[in-house]
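Below is one structure; the comments refer to it alone.
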Amino acid sequence: MVVELATTVAGILLKTCVYNASGPRSGTSTALSKVAQSASGAVLAKSATVQKQSGNPQPRTWHHPDYIASFNSEGLPNNGIDYYIDATTIDDAMKDADDDKPYFVSLSGKSLHDNMEMLHKIASAPTKNRISAIELNLACPNVIGKPIIAYDVDQMDSILEQVSQLTDSLPPLGVKLPPYLDFQHFQQAASVLNRHKRLVKYVASINTLGNALAVDVVSEAPCISSNSGFAGLSGPAVHYTALANVRKLRELLDEDIDVVGVGGVRSGKDVFAMLLAGATAVQVGTCHWIEGPSCFDRIVDELRVLMEEKGCRRIEDVKGKLKAWSKEGAAKSRQALLSVEPAKTNSAVPLSSSELQFWKVLSAILIAVLAIICTLDKQLGQLLPEE
1 MVVELATTVA GILLKTCVYN ASGPRSGTST ALSKVAQSAS GAVLAKSATV
51 QKQSGNPQPR TWHHPDYIAS FNSEGLPNNG IDYYIDATTI DDAMKDADDD
101 KPYFVSLSGK SLHDNMEMLH KIASAPTKNR ISAIELNLAC PNVIGKPIIA
151 YDVDQMDSIL EQVSQLTDSL PPLGVKLPPY LDFQHFQQAA SVLNRHKRLV
201 KYVASINTLG NALAVDVVSE APCISSNSGF AGLSGPAVHY TALANVRKLR
251 ELLDEDIDVV GVGGVRSGKD VFAMLLAGAT AVQVGTCHWI EGPSCFDRIV
301 DELRVLMEEK GCRRIEDVKG KLKAWSKEGA AKSRQALLSV EPAKTNSAVP
351 LSSSELQFWK VLSAILIAVL AIICTLDKQL GQLLPEE
């Protein structure tokens, strides 16, 4: 059976439904070119500000040793909007990509004025027709004393109203949303977005979960120095929150607005779950950060195998098809777990990275001891008289 992984986001064709999230490994044309050469369905540049900026002091990122979570307080290091819409940058980034692989830019201005300035730059850029879509990051603070834009629905409404004045001169626009944790917030945000559906063609959900803190008990200090250790949380730790956001937004948003799922995706199964929840495409961030662009080929292959096993020929066979919980379904899941149990080791818990390192060192010591014993035995044998 041939499995077709193509999808559309904001009316734009992606040959595979998986692509990179803005942020990790997307700040330069060299990094973007590696994404372009992979199975990623699109190429999304790092969130840009008006001017180039270096971001927060190091160390500003930290990965849990078992990669269950990642933390960052980078401060949006990027090369500035002019770089990401420059013809040379786009040429270098996309030169080895398929001719029809789309190139997206991301904007994260420090103020409404900054965002409007960058949008005007895109509207008048000679490369405008080479930019397939714009992702406007509403998941960060915009005005001093105000909360994250998308948590302040009045502020979000005002911004989208002003941006809508440029609709006819811009590529399709999507918005990056923070994680919502209250159903009223979902409803309020969806109401604003639906009012601006002529402008907003997709939402990317979720951004990092804000103000997480990782503490090193050895040094008795935060694991990163920036922002007193407070950081955005990403990776597998936020995956289930991301699934809930995708599911609820798909229920509440107008059908004209696509939902792109992002958050803790690291396997074909994770992508499949996002699709079931209602995503039309899925972004990969932290896994790309840790594993590199080869993750897209692996994840796409895993998704294709899983869909073939389930008899799904195309994305539409999966999207939004999440079933209600049932005893029959739960029993089927338990049976599936039991069927793979013999393939597992005797340990019910996978080894952590520190435990794995311990056993590697111990194995090396035992091998060395065995080699010494064999050498001594051989030498002793040579010293003994023959019978």
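Residues in the sequence shown are numbered consecutively from 1, following UniProt numbering.
We put the CB at the ideal spot given by N, CA and C, even for glycine.
Checklist entry - Under 8 Å, do Glu-302 and Gly-329 count as touching if we go by C-beta distance? => result Counting from 1 along the sequence shown, the entry for residue 302 is found at position 302. Counting from 1 along the sequence shown, the entry for residue 329 is found at position 329. No, these two residues do not count as a Cβ contact at 8 Å.
Next on the checklist: Assuming contact is defined by CB atoms lying nearer than 8 Å, are Gln-187 and Leu-252 in contact in what I supplied?
Outcome noted: Looking up residue 187 in the sequence shown gives position 187. Looking up residue 252 in the sequence shown gives position 252. Yes, Cβ-Cβ distance for Gln-187 and Leu-252 is below 8 Å.
Checklist entry - In whole angstroms, what separates the C-alpha of Glu-65 from that of Gly-232? => result Residue mapping note: residue 65 aligns to position 65 of the sequence shown, counting from 1. Residue mapping note: residue 232 aligns to position 232 of the sequence shown, counting from 1. The sequence shown places Pro at residue 65, rather than the Glu named in the question. Each residue's alpha carbon lies about 17 Å from the other.
Item to check | Range of the contiguous alpha helix (DSSP H) that encloses Glu-291 | outcome: As a position in the sequence shown, residue 291 is number 291, starting the count at 1. Start and end: 286-291.
Item to check | Range covered by the beta strand (DSSP E) that runs through Gly-261 | outcome: Here residue 261 corresponds to residue number 261 of the sequence shown, with the count starting at 1. Here the beta strand (DSSP E) through Gly-261 covers 258-262.
Item to check | Local Cβ density within 10 Å of Pro-293, reported as buried at 16 or more and exposed below that | outcome: As a first step, residue 293 is located in the sequence shown; it is residue number 293 there, counting from the start. Pro-293 should be labelled buried.
Item to check | Residue from Ala-87, Gly-210, Gln-58, Tyr-180 with nearest C-alpha to Asn-129 | outcome: The count along the sequence shown starts at 1 and reaches residue 129 at position 129. Ranking the options by Cα distance to Asn-129, first place goes to Ala-87.
Checklist entry - Per DSSP, Phe-230 is paired with what? => result If you number the sequence shown from 1, residue 230 lands on position 230. Note: Phe-230 sits in a beta bridge opposite Leu-213.
Item to check | Helix, strand or coil at Asn-115 according to DSSP, with G and I counted as helix | outcome: Start at 1 with the first residue of the sequence shown, and residue 115 comes out as number 115. Asn-115 falls in the helix class under three-state DSSP.
Checklist entry - Are residue 399 and Leu-5 touching if we call contact CB-CB under 8 Å? => result This structure does not reach residue 399, given that the chain is present from 1 up to 387, and the question cannot be answered.
Checklist entry - Would you say Val-271 and Val-18 are within 8 Å of each other, going by their C-beta atoms? => result As a working note, residue 271 is residue 271 in the sequence shown. As a working note, residue 18 is residue 18 in the sequence shown. Contact flag set, yes.
Checklist entry - Considering only residues of the same chain and omitting the five flanking positions on each side of Phe-139, which have a CB-CB separation below 7 Å? => result Along the sequence shown, one-based indexing puts residue 139 at 139. What sits at residue 139 in the sequence shown is Ala, not Phe. If we look at Ala-139 and ignore the five residues flanking it on each side, its Cβ neighbours are Ile-148, Ala-150, Lys-176, Leu-177, Pro-178, Asn-207.
Next on the checklist: Within 10 Å of its beta-carbon, does His-113 have 16 or more other beta-carbons around it, so buried, or fewer, so exposed?
Outcome noted: Taking the sequence shown and counting its residues from 1, the one referred to as residue 113 is at position 113. Under this definition His-113 is an exposed residue.
Checklist entry - Exposed or buried, what is Thr-16 when buried is set at 16 or more other beta-carbons lying within 10 Å of its beta-carbon? => result For the purposes of this step, residue 16 is identified with residue 16 of the sequence shown, where counting begins at 1. Looking at its Cβ environment, which holds 16 or more other Cβ atoms inside 10 Å, Thr-16 is buried.
Item to check | Endpoints, the alpha helix (DSSP H) within which Asn-194 is located | outcome: The residue given as residue 194 occupies position 194 in the sequence shown. Run containing Asn-194: 183-195, per the alpha helix (DSSP H) assignment.
Item to check | Cβ pair count under 8 Å reaching 3, the stretch 312-326 against the stretch 54-71 | outcome: no
Next on the checklist: Considering Cα atoms alone, identify which of Tyr-180, Lys-201, Ile-299 is closest to Leu-243.
Outcome noted: Within the sequence shown, residue 243 is the residue found at index 243, counting from 1. Of the listed residues, the one whose Cα sits closest to Leu-243 is Tyr-180.
Next on the checklist: Whole angstroms are fine: how far does the CA of Ala-368 sit from the CA of Leu-13?
Outcome noted: In the sequence shown, residue 13 corresponds to position 13, counting from 1. In the sequence shown, residue 368 corresponds to position 368, counting from 1. Going from the Cα of Leu-13 to the Cα of Ala-368 covers about 57 Å.
Checklist entry - Quick one: Cα of Trp-62 to Cα of Gln-53, how far? => result The residue you call residue 62 lines up with position 62 of the sequence shown. The residue you call residue 53 lines up with position 53 of the sequence shown. Going from the Cα of Trp-62 to the Cα of Gln-53 covers about 21 Å.
Checklist entry - Does the distance from the CB of residue 394 to the CB of Ile-81 come in under 8 Å? => result Missing from the structure shown is residue 394; the chain here goes from 1 to 387 and no further.
Next on the checklist: Suppose you measure from the CA of Val-300 to the CA of Val-284; what does that come to, to the nearest Å?
Outcome noted: Taking the first residue of the sequence shown as position 1, residue 300 is located at position 300. Taking the first residue of the sequence shown as position 1, residue 284 is located at position 284. C-alpha separation (whole angstroms): 11 Å.
Item to check | alpha helix (DSSP H) segment containing Thr-88, residue limits | outcome: Position 88 of the sequence shown, counted from the first residue, corresponds to residue 88. Taken as a continuous stretch (DSSP letters only), the alpha helix (DSSP H) holding Thr-88 covers 87-94.
Checklist entry - If you run the structure through DSSP and keep just helix, strand and coil, what is Tyr-84? => result Sequence index remark: in the sequence shown, residue 84 carries index 84 (1-based). Looking at Tyr-84 - three-state DSSP - the assignment turns out to be helix.
Checklist entry - Exposed or buried, which one is Val-361 when buried takes at least 16 other CB atoms within 10 Å? => result Along the sequence shown, read from residue 1 onward, the residue named residue 361 stands at position 361. Result: exposed.
Checklist entry - Are the beta-carbon atoms of Leu-44 and Ala-10 separated by less than 8 Å? => result Here residue 44 refers to the residue found at position 44 when the sequence shown is read from its first residue. Here residue 10 refers to the residue found at position 10 when the sequence shown is read from its first residue. No, they are not a contact pair.
Next on the checklist: If you reduce the DSSP assignment to three classes, tell me which class residue 411 lands in.
Outcome noted: In the structure as shown, the chain begins at 1 and stops at 387. Residue 411 is therefore absent and cannot be evaluated.
Next on the checklist: For residue 396, count the other beta carbons within 10 Å of its own beta carbon; 16 or more makes it buried, fewer makes it exposed. Which is it?
Outcome noted: Because the chain spans 1 through 387 in this model, residue 396 falls outside it and cannot be assessed.
Checklist entry - Helix, strand or coil: which one does DSSP assign to Glu-135? => result Here residue 135 refers to the residue found at position 135 of the sequence shown. In the structure shown, Glu-135 sits in a strand (DSSP, three-state: E or B).
Checklist entry - From Lys-34 to Asp-92, what distance separates their C-alpha atoms? => result Along the sequence shown, one-based indexing puts residue 34 at 34. Along the sequence shown, one-based indexing puts residue 92 at 92. So the alpha carbons of these two residues sit roughly 10 Å apart.
Next on the checklist: Taking the alpha carbon of residue 446 as the reference point, which residue from Lys-95, Asp-100, Pro-77, Asp-96 has its own alpha carbon closest?
Outcome noted: The displayed coordinates of the chain run from 1 to 387. Any statement about residue 446 would go beyond what the structure contains.
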